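Trainee: This is the structure, below, for whatever I ask next.
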Amino acid sequence: MMQRLRLAELMAALSLATDLGMGQPLEQAVRTCLIAIEIARRMGLSAEEISEVFYVALLRFLGCSADAHEFAQLVGGDDIAIRLAIAPVLGGSPQEFARHVMPKLGAGLSPLRRAQVLALMMTRGPERSREGLRAHCEMGVRLAARLGLSSGVQRGLADAFEEWNGQGSPKGSTGDDIHLSARIVFVARDAEILHREGGIEPIRAALRGRTGEAYDPAVASTFLELAGEVMQAVETPSPWDAVLEREPEPYPWVPESRLDSVLETFADFVDLKSPCMAGHSRGVAKLVEASGSNLQRTALVHDLGRMSVPNAIWDKPSRLTDGEWERVRLHPYYSERILGHSPALKPLAGCAGMHHERLDGSGYHRGSARAEISHEARLLAAADAYQAMTQPRAFRLALSAEHAAKELETEARGGRLDVDAVHKVLTAAGHKTRRTASWPAGLSDREVEVLRLLCRGGTKKQVALLLKISPSTVDHHVRHIYDKIGITTRAGATLFAVENDLLQ
């Protein structure tokens, strides 16, 4: 039984999922954190300030799922590949960005489609990017608040993409108006990327060229003076252990009673990656809880590995290629690896990694068969399948509860899902209660209808068509919704809907 958990360990685990979403190797954020701590200490920061740097470094990309859907549309599908291409020039000049990123946009698309992607990037790219970073930062701050992180950490995440010269996003803040933790982490993350690509010299060249532009001169000069010593911080066989050892004391702890709410934040983070998957992990957790099991926590984190798969695949309306299926088949593996890094979460890893296994060996990622699949994994697989069926996907509409039940029973009769697990899940699903109370934040019935469609990726024109109202009326509703719930982006609205169980 877990009693008290160290917050840093949980946040380091969450950072592994953001690594995947940004196209980076596991522990990239952890290595960035080690560099950031070294810079902060050499600048003479207090323990409290270094603690803020610690958590901002781990969670700088906590909002990366918020704009993944829109970003994928902007860049032609593979959001992860383009984020990987952007990484070395995130703090660079527009010319560096164009040379390094533009040739990779639309890779693999037809010449016509690629030309359309490039044209969109040239005409709408800056505006769309600012909108995406606003969603990214807004979501990072909201999730950080839910995790109990300090106001200083929240401020650092809000300023994560601001640049010293005011050319950053989303606010265009300048100089010392940017939170110090964000300024330090900007340099540290770029240093980690450039060092891995070419050693210490690319870092020195980038710092000299970007100081006073993207980078705070004081942070950059501190790093330049002691670059060799600072970079030794990442020369360790276990960055995970090293970063936990370097956190300033006193350590923040999470009581066992709060673990469920922390893992709900993990769930919402990953489920925001695609509009059609919003609320999925929470739905699975409710099913297994109603089934009488103790799998709720595993259900909340079973899909963390989905961050490794581009939205070009999750949001594809047609059949996947064999290569795309291979990416999908690996996502339970990554869920298992993320959870396995953390001693506190490791007990959840094995079951989470088996949520797509099937009794006849036709599942993934292992292809395990009946005797190798635990009763817990069988129940999780059935709950995951039912929840997925009752939600829309890019290639189909949501199935009715009755249709989903028949499909689940067919899977059981065919020997793919466990008969007892299916019975428990369907019994649990049949006893769901409907909302009878008034809607949160004073939303009206119509506003909830509009919100649900927006959260599933509908445009204002599509919402108008489905609800048989004018686009201007939809715009009116959207503005009222955003005002009432206090957000400014679709991702923020989706998180509000998930938190308040409005998508069922």
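134 is the number that numbering that gives the first Met the number 0 gives to position 135 of the sequence shown; each next residue is one higher, with no gaps.
The beta carbon of each residue, even a glycine, is placed where N, CA and C say it ideally should be.
Source: prediction; values computed, not measured.
1) How far does the beta strand (DSSP E) with Val253 in it extend, from its first residue to its last?
2) Can you grab the Cα-Cα spacing for the pair Val287 / Leu104, in whole Å?
3) Is Arg5 helix, strand or coil when you go by DSSP?
4) Consider the Cβ of Glu137: report whether some Cβ of chain D lies at a distance smaller than 7 Å.
5) Going by the beta-carbon positions, is the gap between Gly155 and Val55 smaller than 7 Å?
6) For Ala219, tell me which candidate among Tyr250, Ala387, Ala35, Ala277 has the shortest Cα-Cα distance.
7) Would you mind listing the alpha helix (DSSP H) stretches within the segment 306-394 that are 4+ residues and don't spill past its ends, in chain order?
8) To the nearest angstrom, how far is the alpha carbon of Leu452 from that of Met276?
9) Classify Phe394: buried if its beta carbon has 16 or more other beta carbons within 10 angstroms, exposed otherwise.
10) Report, in whole angstroms, the separation of the C-beta atoms of Ile525 and Ala16, which I expect to be a contact under 8 Å.
11) Taking DSSP's pairing of strands, which residues face Tyr214 in a bridge?
12) Pro93: buried (16+ other C-beta within 10 angstroms of its C-beta) or exposed?
13) Whose C-beta lies closer than 7 Å to the C-beta of Leu135 among residues of the same chain, with five residues either side of it excluded?
14) Output needed for Glu8: all residues of its chain with C-beta closer than 6 Å, excluding positions within five of it in sequence on either side, in chain order.
15) CA-CA distance, Gly167 and Val418?
16) State the DSSP-derived secondary structure class of Phe532, mapped to helix, strand or coil.
17) So what does DSSP say about Val497, is it helix, strand or coil?
18) Going by other Cβ atoms of all chains shown within 10 Å of its Cβ, with 16 needed for buried, is Gly90 buried or exposed?
19) Write down the C-beta distance between Arg445 and Leu358 rounded to the nearest angstrom, noting that I regard them as a contact closer than 8 Å.
20) Could you check which residue in Ala382, Arg281, Ala144, Gly76 has the C-alpha nearest to that of Met120?
21) Relative to the C-alpha of His301, which residue among Ser317, Gly282, Pro216, Pro316 is closest?
22) Where does His99 fall in DSSP's three states?
23) Where Ala253 and Gly413 are concerned, what is the direct C-alpha to C-alpha distance, given to the nearest angstrom?
24) Quick check on Gln231: buried or exposed, where buried means 16 or more other Cβ atoms within 10 Å of its Cβ?
25) Hey, out of Leu319, Ala368, Asn310, Ala376, whose CA is closest to Glu335's CA?
26) Please classify Ala118: is it buried, with 16 or more other beta-carbons within 10 angstroms of its beta-carbon, or exposed?
27) Since Pro125 is in the alpha helix (DSSP H), which residue starts that stretch and which ends it?
28) Throw me the rounded Cβ distance for the Glu191 and Val242 pair, which I believe falls under 8 Å.
29) State the Cα-Cα distance for the pair Gly171 and Leu329, rounded to the nearest angstrom.
30) Going by Cα to Cα distance, which pick from Met21, Val421, Pro87 is closest to Ala204?
31) For Thr432, name the three-state secondary structure that DSSP assigns.
32) Does DSSP classify Ser280 as helix, strand or coil?
33) Give me, in chain order, the residues of the same chain whose beta-carbon lies closer than 7 Å to that of Gly227; leave out the 5 immediate sequence neighbours on both sides.
34) To which residues of the same chain is Ala80 closer than 6 Å at the C-beta, ignoring the five residues directly before and after it?
35) Decide if Ala411 is buried, meaning its Cβ has at least 16 other Cβ atoms within 10 Å, or exposed.
36) Return the CA-CA distance between Gln72 and Val116, expressed in angstroms with no decimal places.
Mentor: So, from the listed chains and residues:
1) Indexing the sequence shown from 1 puts residue 253 at position 254. Val253 -> beta strand (DSSP E) spans 252-254.
2) By one-based count along the sequence shown, residue 287 stands at place 288. By one-based count along the sequence shown, residue 104 stands at place 105. Approximately 42 Å, taken between the alpha carbons.
3) Within the sequence shown, the letter at position 6 stands for residue 5. Here Arg5 sits in strand by DSSP.
4) Among the chains of the structure shown, chain D does not appear; only one protein chain is present.
5) Within the sequence shown, numbered from 1, the residue matching residue 155 stands at position 156. Within the sequence shown, numbered from 1, the residue matching residue 55 stands at position 56. Taking 7 Å as the Cβ cut-off, Gly155 and Val55 qualify as a contacting pair.
6) Your numbering for residue 219 matches position 220 in the sequence shown. Comparing Cα-Cα distances from Ala219 to each of Tyr250, Ala387, Ala35, Ala277, the minimum goes to Ala35.
7) Qualifying alpha helix (DSSP H) stretches, in chain order: 310-313, 321-328, 330-340, 345-351, 374-388.
8) Residue 452 sits at position 453 when you count from the first residue of the sequence shown. Residue 276 sits at position 277 when you count from the first residue of the sequence shown. Taking the straight line from one Cα to the other gives about 13 Å.
9) Here the question's residue 394 lines up with position 395 in the sequence shown. Answer is exposed; the Cβ neighbour count stays below 16.
10) This structure cannot speak to residue 525, because the chain is shown only from 0 to 503.
11) If you number the sequence shown from 1, residue 214 lands on position 215. The partner list for Tyr214 (beta bridge, DSSP) reads Thr210.
12) As a first step, residue 93 is located in the sequence shown; it is residue number 94 there, counting from the start. Per the 10 Å Cβ criterion, exposed.
13) As a first step, residue 135 must be located in the sequence shown, where it is residue number 136. Rather than Leu, the amino acid found at residue 135 in this sequence is His. Excluding sequence neighbours, His135 sits near Gly62, Cys63, Ala65, Asp66.
14) Within the sequence shown, residue 8 is the residue found at index 9, counting from 1. Taken in chain order, the residues that qualify are Ser341, Ala343.
15) Along the sequence shown, read from residue 1 onward, the residue named residue 167 stands at position 168. Along the sequence shown, read from residue 1 onward, the residue named residue 418 stands at position 419. For Gly167 and Val418, the distance between alpha carbons rounds to 55 Å.
16) Coverage of the chain is limited to positions 0 through 503, which leaves residue 532 absent and any answer about it impossible.
17) Residue mapping note: residue 497 aligns to position 498 of the sequence shown, counting from 1. It is helical.
18) Walking along the sequence shown from the start, residue 90 turns up at place 91. Under this definition Gly90 is a buried residue.
19) Taking the first residue of the sequence shown as 1, we reach residue 445 at position 446. Taking the first residue of the sequence shown as 1, we reach residue 358 at position 359. In fact, because the Cβ distance is near 45 Å, the residues do not count as touching under 8 Å.
20) Locating residue 120 in the sequence shown gives position 121, where the first residue counts as 1. That would be Gly76, whose Cα lies nearest to the Cα of Met120.
21) Stepping through the sequence shown from its first residue, residue 301 is reached at position 302. If we check each option's Cα against that of His301, Gly282 comes out closest.
22) Position 100 of the sequence shown, counted from the first residue, corresponds to residue 99. In the structure shown, His99 sits in a helix (DSSP, three-state: H, G or I).
23) In the sequence shown, residue 253 corresponds to position 254, counting from 1. In the sequence shown, residue 413 corresponds to position 414, counting from 1. Per the sequence shown, the amino acid found at residue 253 is Val instead of Ala. Rounded to the nearest angstrom, the two C-alpha atoms are 44 Å apart.
24) As a first step, residue 231 must be located in the sequence shown, where it is residue number 232. Exposed, because fewer than 16 other Cβ atoms sit within 10 Å of the Cβ of Gln231.
25) Position 336 of the sequence shown, counted from the start, is the residue given in the question as residue 335. Comparing Cα-Cα distances from Glu335 to each of Leu319, Ala368, Asn310, Ala376, the minimum goes to Ala376.
26) For this step, residue 118 is matched to residue 119 along the sequence shown. It is exposed - the Cβ of Ala118 has fewer than 16 other Cβ atoms within 10 Å.
27) Counted from its first residue, the sequence shown places residue 125 at position 126. For Pro125, the enclosing alpha helix (DSSP H) stretches over residues 110-145.
28) Translated into positions along the sequence shown, residue 191 becomes position 192. Translated into positions along the sequence shown, residue 242 becomes position 243. The beta-carbon distance between Glu191 and Val242, rounded to whole angstroms, is 12 Å. This is too long to meet the 8 Å contact definition.
29) As a first step, residue 171 is located in the sequence shown; it is residue number 172 there, counting from the start. As a first step, residue 329 is located in the sequence shown; it is residue number 330 there, counting from the start. Using only the alpha carbons, I get a separation of about 39 Å.
30) In the sequence shown, counting from the first residue as 1, residue 204 sits at position 205. For the residues Met21, Val421, Pro87, the minimum Cα distance to Ala204 belongs to Pro87.
31) Translated into the one-based positions of the sequence shown, residue 432 becomes position 433. Below a pLDDT of 50, predicted positions are generally treated as unreliable, and Thr432, at 37, falls in that range; the measurement from the model is reported next regardless. If DSSP states are grouped into helix, strand and coil, Thr432 belongs with coil.
32) One-based indexing of the sequence shown puts residue 280 at position 281. Three-state DSSP puts Ser280 in a helix.
33) Here residue 227 refers to the residue found at position 228 of the sequence shown. The answer, listed in chain order, is Ile199.
34) Within the sequence shown, numbered from 1, the residue matching residue 80 stands at position 81. Excluding sequence neighbours, Ala80 sits near nothing in its chain.
35) Locating residue 411 in the sequence shown gives position 412, counting from the first residue. The residue is buried, with at least 16 neighbouring Cβ atoms inside 10 Å.
36) By one-based count along the sequence shown, residue 72 stands at place 73. By one-based count along the sequence shown, residue 116 stands at place 117. If I take the Cα positions, the gap works out to 9 Å.
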